[in-house]
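Structure follows, in structure tokens:
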């Protein structure tokens with residue numbers, strides 16, 4: 042059976058990027074909520090070469106650390122496109138500026154993943170929590186509040202290689218062949234958590 046992994050950035054030995062100062066978005070949180078929707082950004086929604094703060098507390102890896110975004114290098118972007126995944130990702134260019142040195146670097150992008158699949162298996166997932174009946178936001182009551190380790194339904198995934206889990210949109214999943222291609226290319230800054238598949 043094909044294996045699948047939650048794909049995120051490794052915080053150790055990495056640089057962090059935040060404060061994407063983009064016209065029209067109040068803060069990084071609001072921008073992240075828009076990215077989680079899995080819809081392309083239209084003209085006027087994204088400022089070309091939007092500035093972002095680079096902490097300079099570690100090296101510039103291929104996947105910079107930000108818990109809300111996937112900030113990818115030109116090398117990682119080219120790899121994903123070479124794997125035929127370019128149509129499933131919208132690459133939104135940013136300009137990184139070092140907080141200490143003021144050094145500016147172009148070529149990095151925020152990855153907007155355009156595919157969401159309803160494939161979460163609640164019975165076999167670990168650490169699933171729900172918002173209670175007294176939760177402050179009524180529209181969220183009874184919905185998923187957290188998933189420590191997801192289990193996925195294979196029949197729902199089909200041949201997908203890169204996607205967000207629709208029921209818990211914070212998870213970006215890659216298939217094992219994509220993971221292997223990243224490792225063989227020496228892509229840096231990645232953290233992979235193998236997920237259950239039923």
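Numbering (the working numbering), first residue to last: 42 to 239. Beta carbons: idealized from backbone N, C-alpha and C, even for Gly.
Check                                                                                                                                                                      : Outcome
Taking the straight line between their C-alpha atoms, what separation do you get for residue 242 and residue 53?                                                           : As displayed, the chain neither begins before 42 nor continues past 239, which places residue 242 out of reach and without an answer.
Just to confirm my understanding: we take residue 42, look at its own chain, exclude 5 residues before and 5 after, and list those with CB closer than 8 Å. What are they? : 195 and 238
For the region 155 to 174 and the region 194 to 214, state whether three or more C-beta atom pairs, one from each stretch, are separated by less than 8 Å.                 : yes
Using a threshold of 8 Å, state whether the C-beta atoms of residue 51 and residue 230 are closer than that.                                                               : yes
Counting Cβ pairs closer than 8 Å, one from the region 140 to 155 and one from the region 110 to 128, do we hit at least three?                                            : yes
Looking only at its chain, what residues have a beta carbon closer than 6 Å to the beta carbon of residue 110, apart from the 5 residues adjacent to it on each side?      : 151
So, does the region 130 to 143 touch the region 178 to 188, judging by three or more C-beta pairs under 8 Å?                                                               : no
Where does residue 116 sit, in a helix, a strand or coil, going by DSSP?                                                                                                   : helix
List in chain order: all unbroken beta strand (DSSP E) runs of 3+ residues lying wholly within the region 103 to 163.                                                      : 130 to 139 and 145 to 154
In whole angstroms, what separates the C-alpha of residue 87 from that of residue 66?                                                                                      : 9 Å
How many whole angstroms separate the CB atoms of residue 190 and residue 172, which I take to be in contact at a CB cut-off of 8 Å?                                       : Going by Cβ atoms, the distance from residue 190 to residue 172 rounds to 19 Å, so no, they are not a contact pair.
From what residue to what residue does the alpha helix (DSSP H) around residue 196 run?                                                                                    : 195 to 198
What number of angstroms, rounded off, separates the C-alpha of residue 77 from the C-alpha of residue 70?                                                                 : 11 Å
Assign residue 101 to one of three DSSP states: helix, strand, or coil.                                                                                                    : coil
Is it right to say residue 220 is buried, meaning 16 or more other beta carbons lie within 10 angstroms of its own, or is it exposed?                                      : buried
Helix, strand or coil for residue 190 per DSSP?                                                                                                                            : strand
Is residue 170 helix, strand or coil when you go by DSSP?                                                                                                                  : strand
Out of 208, 48 and 95, point me to the one whose CA is closest to residue 143's CA.                                                                                        : 95
Starting from residue 234, follow its DSSP beta bridges and name the residues at the other end.                                                                            : 47
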